[in-house]
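Read through the structure below, which is laid out as structure tokens, and then see the notes.
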Amino acid sequence: MNRMHQHSKNPLTAQEQLVADGLARQRALDPLASFIVDAPAGAGKTELLTQRFLVLLARVNEPEEVVALTFTRKAAAEMRDRIMASLRAATQPLPTETPPHKQVTHQLALNVLKQNNLREWRLLDQPGRLRVMTLDALAMSLARQMPLLSRFGTQPGLSTECKPLYEQAARDTLSLLETAASEDDQDTVARVLAYFDNDSGRLQKMLIAMLERRDQWQKFTHSGQSKQLQQAVSHVLARLIASELADIAGPLGRVFDAPVMSAARHAAANSPDSPVHLLADWAAPLPATADALPRWRALAELFLTGDNKLRKDYRAPINLAGPANKEQKQTLKDALATLAAAELGPLLARIRELPDPTLGHDEAAIVQDLARLLQLAYGNLWLTFIREKTVDHTEISSRALAALGDAEQPTDLAQQLDYQIQHLLVDEFQDTSPIQVELLEKLTAGWSPDSGQTLFLVGDPMQSIYRFRKADVGLFIRVRQHGIGPIAPISLQLYQNNRSNENIVAWVNHTFDQVFADQDDATRGAVCFSPAVAKKPHLDDAGVNIHPVISGDRDPESGEEAPRSLVDQREAEIILQLIRDARNERPAGTVAVLVRARSHLDALVALLQAQDAPIPFQAVEIDALAARQTIQDLVALTRALHHQGDRLHWLAILRAPWAGLCLADLHQLAAHDHAQTLWSLMQDDTHISHLSEDGQHRLRRLRQIIAEAYAARSLQRPRRWIEGIWRALGGPQCLRAASDITDVQAYFRLLDTLDHHGMLDLSLLDDGLGRLFAAPEASPESQHVQLMTVHKSKGLQFDTVILPGLHKRLPSDDKALIIWDTVLLDDDHEHLVVAPVPPIGAAKSTIPTAYDLLRNLEKTRSLNEAQRVLYVAVTRAERRLHLLGAAYRDPKDETGQTLKAPAATSLLAPLWPCLEATFSAAAALPTAPPPRASSIDPAQFVPRLIRLGSVHLTEPAPLSLTSLTADTSDHPIQQSPLETVSESTLDMAIGNLVHRYLEAIALDGLEVWHEERINQLLPHFERTFHREGHDLASSQTAARHVSAAILGALNSEHGRWILGPREAAGCEVPMSSLHPDTPDAFSHHVIDRTFIEAGTRWIIDYKTLRTVDEGAAPDAVLQEKAAAYKDQLERYAALFATEGLPIRTAIFFPAHGKLVEI
1 MNRMHQHSKN
11 PLTAQEQLVA
21 DGLARQRALD
31 PLASFIVDAP
41 AGAGKTELLT
51 QRFLVLLARV
61 NEPEEVVALT
71 FTRKAAAEMR
81 DRIMASLRAA
91 TQPLPTETPP
101 HKQVTHQLAL
111 NVLKQNNLRE
121 WRLLDQPGRL
131 RVMTLDALAM
141 SLARQMPLLS
151 RFGTQPGLST
161 ECKPLYEQAA
171 RDTLSLLETA
181 ASEDDQDTVA
191 RVLAYFDNDS
201 GRLQKMLIAM
211 LERRDQWQKF
221 THSGQSKQLQ
231 QAVSHVLARL
241 IASELADIAG
251 PLGRVFDAPV
261 MSAARHAAAN
271 SPDSPVHLLA
281 DWAAPLPATA
291 DALPRWRALA
301 ELFLTGDNKL
311 RKDYRAPINL
321 AGPANKEQKQ
331 TLKDALATLA
341 AAELGPLLAR
351 IRELPDPTLG
361 HDEAAIVQDL
371 ARLLQLAYGN
381 LWLTFIREKT
391 VDHTEISSRA
401 LAALGDAEQP
411 TDLAQQLDYQ
421 IQHLLVDEFQ
431 DTSPIQVELL
441 EKLTAGWSPD
451 SGQTLFLVGD
461 PMQSIYRFRK
471 ADVGLFIRVR
481 QHGIGPIAPI
491 SLQLYQNNRS
501 NENIVAWVNH
511 TFDQVFADQD
521 DATRGAVCFS
531 PAVAKKPHLD
541 DAGVNIHPVI
551 SGDRDPESGE
561 EAPRSLVDQR
571 EAEIILQLIR
581 DARNERPAGT
591 VAVLVRARSH
601 LDALVALLQA
611 QDAPIPFQAV
621 EIDALAARQT
631 IQDLVALTRA
641 LHHQGDRLHW
651 LAILRAPWAG
661 LCLADLHQLA
671 AHDHAQTLWS
681 LMQDDTHISH
691 LSEDGQHRLR
701 RLRQIIAEAY
711 AARSLQRPRR
721 WIEGIWRALG
731 GPQCLRAASD
741 ITDVQAYFRL
751 LDTLDHHGML
761 DLSLLDDGLG
771 RLFAAPEASP
781 ESQHVQLMTV
791 HKSKGLQFDT
801 VILPGLHKRL
811 PSDDKALIIW
821 DTVLLDDDHE
831 HLVVAPVPPI
841 GAAKSTIPTA
851 YDLLRNLEKT
861 RSLNEAQRVL
871 YVAVTRAERR
881 LHLLGAAYRD
891 PKDETGQTLK
901 APAATSLLAP
911 LWPCLEATFS
921 AAAALPTAPP
931 PRASSIDPAQ
941 FVPRLIRLGS
951 VHLTEPAPLS
961 LTSLTADTSD
971 HPIQQSPLET
981 VSESTLDMAI
991 GNLVHRYLEA
1001 IALDGLEVWH
1011 EERINQLLPH
1021 FERTFHREGH
1031 DLASSQTAAR
1041 HVSAAILGAL
1051 NSEHGRWILG
1061 PREAAGCEVP
1071 MSSLHPDTPD
1081 AFSHHVIDRT
1091 FIEAGTRWII
1101 DYKTLRTVDE
1111 GAAPDAVLQE
1121 KAAAYKDQLE
1131 RYAALFATEG
1141 LPIRTAIFFP
1151 AHGKLVEI
């Protein structure tokens, strides 16, 4: 068996590659054929997808017959925009200097417009008819068209934060030890717990992880199949072993000729007590089969020592001593010399990593029990879904597959889709997961080569870097080799790189030809390198620069080795200079610093922020929201208000800027009584009188605000209650930057998601914060320097790319209790393979276990993906690429010139054969002086107290950035206020109240709402705002705005039309979709008003402009305001794309009674 596929290194010259590239792009536009296209970085695949879509669109009867699938909403929006831009451009004459590929797009768009006019599609007015969506959105639409979730009563919600659900299901499963009705189930739980040393905590974590990726195992553990599980796993293990042996056999076969076999037989005959006796009849190459594994192990014993080094001589129990054995012994020594010269010792050692091809008795028993335990866990998860009336994305995907049936028994929905969908296009196909490929297989199950239906797959296996999202690059390799279902797409290869200059492309070609595998390997997740040809010419001032950092130097006086922490500091200083040089050379250019892990940027961010003349930069999803002081203060406020005995958080809110008690006052308040809560101590005026006068004033103010808030707690939702207290304390006055406002709003939105029936689930607060990141700086200057992870940079490009920390390794994962995975073998099918960790206390064996084999396979897959991560990183660069990494001097070499090889899991390891000489040359240079030590004495350092000055401790104020003071001074810090704030807290409150009453009007009916009733509600509006922490004047003004907006809607023709009874109408409709940047995360939307009118789906969003005192806004102003929400409305329209109706979108301004269609 050989899992290596035929796709291997390309021998074409650069000119031949350009010709092949052009032919492939032409061939890809054949509307009658299916294709799978390899499009490496910078190849312009989006343009090719656009052209293919246009070609197909010009041939179908309805635009909905062409479906393009992407992985993110951002990519779907980009493709839709490209298509629509091409169609709009085709309505104008073609400019004279249009590039050839744009001319092709223009002509294809003209063909579509002819079809559009002939069939009256009105695509320019109704872009929603273009079916461009994510794969996950398609699955969601399929699941919702079938009554598969009827036990919920209504369609369940879709949750993106499902860990609490998995945790509950895991707890319920383990509790079956005592509560299960069946003794068999109780015994199952008991046996699994006993096998894992009764470590229920780790077992629960394992169940949570398994439930999250249950799509990998669910179909293998259904009732009635678990008994066959052991045989199936053993079968896969045997094939994996055979595959490994096939890889080993090839190179070794050239060494082990007939004389060597003869000498081995002689040694075997003389060594009955050694495993080599199994070679007594070795007369032909050993077969690459699991049955032959004992003889392969004997072969390894013959040539390797116990620590896997090639033997230098033979001693008992391999008996070759004496003159009678001299000739045979020399033959074996010659073979050893050949193995050493060819560096085949490590290959031979791999034999000893192979386990027996069958699970042991204990392993087989625990696998059987685990299969049953997972069935029980899924049952409990389903019950949890029903209780919470929500499901996760995996459930939606599996239900979508069920909705389509199978090839033998397709459902009505599958047959309907087979008729409706004529052409499928899939972008970024290298990032597909097994369940997504299965969905495509079912969608195309009824197709035939002569049906006229086509499949178009585009991707780049060299950029497959999302294994953590269940993506498997082996699927791309498999489909390219064997097709998908009945479709055998033609394989096309693109070569032209339109992004990087020739300097960078040449370096990438030379380097990654050595880094990547010689051939594709679906099982190990290895891909072969495909070279590119640069469209941009060579530039003298562009290219790739290596910046070695040598560590391990010793202090000449003390002899101590320099701390490794200096490496990060040295790297940061180099990067800082590179950024400055790039900004000086090209002020309008962009610089990106890309890393594998966010923590790799800590030293650089600190250095950038410490500069006297700071360099503006954007840290894209780098700074954890929980690390921002503003958010830490809000967390303390939230936890303290919900737990009066939480002294730590009460002390934190007393120290926070809105109170700002000095340390002496805090000590006086809290140090002498540890029995009472701080809230109780704050009620004792005698106790408070011992504080300073300033401290008394600050404490009494905070006490009054919180006491009033506790009294009104039951009148508001938790988020509004917390926000109101924060505002009343002066929280908005404590904000110092525009990003602080964004961060605070993100925190309050998080509190909304933790609101369960009016109570905050604070157990989820830390987890929720852990998934949020602080907003990057929003100034135009900061956009020129961006810091992000390599994964976040995918699809982007920059003038200069800097890759630091190549020597860093990622933290190793905890040793899993069980490895449960699927592997692709060369029979074009996925196979389940399972192996539990050996039980604690089990006797160690010299023979590896199945767990060891699968763990090594997983490590190999991870290393291969690391190579692809590196490729993605370097191909983001247009002009300059800078690589930084550290190498450490070998302490065994007294000269200090020898460097240790980088860690195998670092990004420097695959580059080391190409970069070792550069690093060695740097090691020979004089040692760089260490950076100056800080002049700050940590023992004496006292941070400044940042707080509101006493002048600000009166009425709460709107958002401001000028109110903080240092120490006890009442003078504000000199800081420019923001010119504009996109959405203040008061604006949000006004909008929410208007939305609430417009929803009530639509539900109750227009006839029961009139001007007198609205006027009577004015005092209620005022009280609502005042309870939320707004001062009296602001509350009165806000109430008038709300009243005016509601009356504007009631008294206008547009307003009454919108709020009147309509078909399929909904108000404040919650919907979920995949996040534009993160396929496994969801975005939540609330559509203000939607209905069907005359066969058209209307989607309307309300916007409340505060213009009561200014009079009616001109129509031109409203048009301009509405246009700003075009992208938002297009996202909403995409949610209804599968409905098949024309879609119209609009913004309604209730205060003006105006509807502006977009």
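In the UniProt record's numbering, the protein residues as written are 1 to 1158. By construction, the Cβ of each residue, glycine as well, lies at the ideal position given by its N, Cα and C atoms. Nothing here was measured: the structure is a model prediction, and the numbers come from that model.
Environment of residue i [buried if 16+ CB atoms lie within 10 Å]
i: Q531; result: Sequence inspection shows Pro at residue 531; the Gln mentioned does not correspond to that position. Buried: at least 16 other Cβ atoms inside 10 Å.
i: residue 1159; result: A query on residue 1159 cannot be resolved here, the shown segment of the chain reaching from 1 to 1158 and no further.
i: G306; result: exposed
i: H1010; result: exposed
i: K1154; result: buried
i: Q15; result: exposed
i: M759; result: exposed
i: E1130; result: buried
i: I840; result: exposed
i: F429; result: buried
i: E781; result: exposed
CA-to-CA distance, residue j to residue i, given in whole angstroms
i: E1110; j: A1038; result: Note that E1110 has pLDDT 44, beneath the 50 cutoff, so the model's placement of it is unreliable and no number is given.
i: M988; j: V833; result: 53 Å
i: L1047; j: E64; result: 41 Å
i: L455; j: I615; result: 48 Å
i: K1103; j: R749; result: 19 Å
i: I36; j: H643; result: 59 Å
i: E244; j: L648; result: 57 Å
i: M84; j: P127; result: 7 Å
i: T46; j: A746; result: 33 Å
i: T384; j: L176; result: 15 Å
i: R771; j: I631; result: 14 Å
i: S500; j: H882; result: 14 Å
Beta-ladder partner(s) of residue i, from DSSP
i: D1101; result: I1147
i: T789; result: V595
i: G1066; result: T1090
i: G157; result: T390
N-terminal and C-terminal residue of the alpha helix (DSSP H) that residue i is part of
i: V479; result: V473 to H482
i: A603; result: D602 to Q609
i: F303; result: L293 to F303
Where residue i falls: helix, strand or coil (DSSP)
i: L810; result: coil
i: L12; result: coil
i: L578; result: helix
i: L1141; result: coil
i: C528; result: strand
i: W217; result: coil
i: L760; result: strand
i: K844; result: coil
i: P489; result: coil
i: R944; result: coil
i: L730; result: The sequence given here has Gly at residue 730, not Leu. Three-state DSSP puts G730 in coil, outside helix and strand.
i: T800; result: strand
i: P548; result: strand
i: S976; result: Reliability fails at S976, whose pLDDT of 29 lies under 50, so the model's placement of it is uncertain and the value that follows must be treated cautiously. Looking at S976 - three-state DSSP - the assignment turns out to be coil, as it is neither helix nor strand.
N- and C-terminal bounds of the beta strand (DSSP E) containing residue i
i: M462; result: Per DSSP, M462 belongs to no beta strand (DSSP E) and is neither H nor E.
i: L884; result: A877 to Y888
i: A835; result: E830 to P836
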